[in-house]
Amino acid sequence: MTPQIQHIDHELIQAAAHTARTRCRGDNHTMAAAARAGDGRIITAVNAYHFTGCPCAELVLIGTAAAQGAYELDTIVAMGDRDRGVVPPCGRCRQVLLDYFPTLKVIVGQDDRTRTVLITDLLPDSYVWADHQLESE
Ligand SMILES: [Zn+2]
632 MTPQIQHIDH ELIQAAAHTA RTRCRGDNHT MAAAARAGDG RIITAVNAYH FTGCPCAELV
692 LIGTAAAQGA YELDTIVAMG DRDRGVVPPC GRCRQVLLDY FPTLKVIVGQ DDRTRTVLIT
752 DLLPDSYVWA DHQLESE
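For the sequence shown, the positions run 632 to 768 when the working numbering is used.
As structure tokens, then:
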């Protein structure tokens with residue numbers, strides 16, 4: 632059972648919904664993500680689909696945030712275009728988000744089931760890359 636965190640960042644959900652509604656186009660950009668940076672800023676991004684591999688909106692957002700000098704993220708949410716609502720991160724994104732931001736909160740669930748959970752709750756008993764790096768001598 633995933634523990635529930637009470638606070639839901641509705642402003643973040645609105646930012647992701649707005650980006651999904653206004654910036655997603657065709658088949659290349661179908662998902663939007665918004666994250667609250669450590670300094671309070673909201674950063675948004677969309678996915679970049681290509682048949683060779685698709686950086687999800689969450690992964691594009693990590694680079695977008697870094698390009699704006701935001702290296703710490705507090706909370707993230709992803710939303711689908713065409714009013715698909717909140718979409719939980721895929722397995723790859725869960726691993727990447729956990730490795731980049733071990734204390735990250737993620738908004739998941741639709742409508743009245745929307746809730747904020749810890750990234751560690753979305754990937755229990757997970758592999759932590761940093762724990763398995765050998766010390767260089
Ligand atoms: Zn993903």
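Just so it is clear, CB atoms sit at the ideal spot from N, CA and C, and this is done for glycine as well.
This structure is a prediction, so every number in the text was calculated from the model and none was measured.
TODO: List in chain order: all unbroken beta strand (DSSP E) runs of 3+ residues lying wholly within the region 650 to 676.
DONE: 662 to 668
Open item on the list: If distances are taken between C-alpha atoms only, which option among LEU765, ILE644, ALA668, HIS641 comes closest to ILE693?
Closed with: As a first step, residue 693 must be located in the sequence shown, where it is residue number 62. Put simply, of LEU765, ILE644, ALA668, HIS641 the residue whose alpha carbon is nearest the alpha carbon of ILE693 is ALA668.
Task: beta-carbon CYS687 near ligand 2 non-hydrogen atom, thresh 6 Å - done: Ligands displayed in this structure: ligand 1; ligand 2 is not among them.
- [ ] Identify the continuous alpha helix (DSSP H) that holds ILE750 and give its terminal residues.
- [x] Along the sequence shown, read from residue 1 onward, the residue named residue 750 stands at position 119. In the DSSP assignment, ILE750 falls within the alpha helix (DSSP H) that extends over 750 to 753.
Task: Beta-carbon proximity list for GLU689, same chain, < 7 Å, skipping 5 on both sides - done: The count along the sequence shown starts at 1 and reaches residue 689 at position 58. Closer than 7 Å at Cβ, skipping near neighbours: ALA664, ILE707, ALA709, PRO720, CYS724, LEU728.
Open item on the list: Is ARG723 close to ligand 1? I mean its beta-carbon at under 6 Å from any heavy atom of the ligand.
Closed with: Sequence index remark: in the sequence shown, residue 723 carries index 92 (1-based). Yes, ligand 1 has a heavy atom inside 6 Å of this Cβ.
Task: GLY694 in three-state terms, based on DSSP - done: Taking the sequence shown and counting its residues from 1, the one referred to as residue 694 is at position 63. Helix, per DSSP.
TODO: Express the C-alpha separation of THR734 and ALA648 in angstroms, rounding to a whole number.
DONE: As a position in the sequence shown, residue 648 is number 17, starting the count at 1. As a position in the sequence shown, residue 734 is number 103, starting the count at 1. Computed Cα separation, rounded: 24 Å.
TODO: Identify, in the order they occur along the chain, each residue of the same chain with its Cβ nearer than 7 Å to the Cβ of ARG654, setting aside the five sequence neighbours on each side.
DONE: Residue numbering aside, residue 654 sits at position 23 when the sequence shown is read from its first letter. If we look at ARG654 and ignore the five residues flanking it on each side, its Cβ neighbours are HIS660, ALA663, VAL677.
Open item on the list: Closest to PHE682 by C-alpha separation, out of ARG672, ASP658, VAL748, would be which residue?
Closed with: As a working note, residue 682 is residue 51 in the sequence shown. Among ARG672, ASP658, VAL748, the Cα nearest to that of PHE682 is on ASP658.
- [ ] Give me whichever residues DSSP pairs with LEU729 in a beta bridge.
- [x] Reading the sequence shown from its first residue, position 98 is the one you call residue 729. Paired residues: none, contrary to the question.
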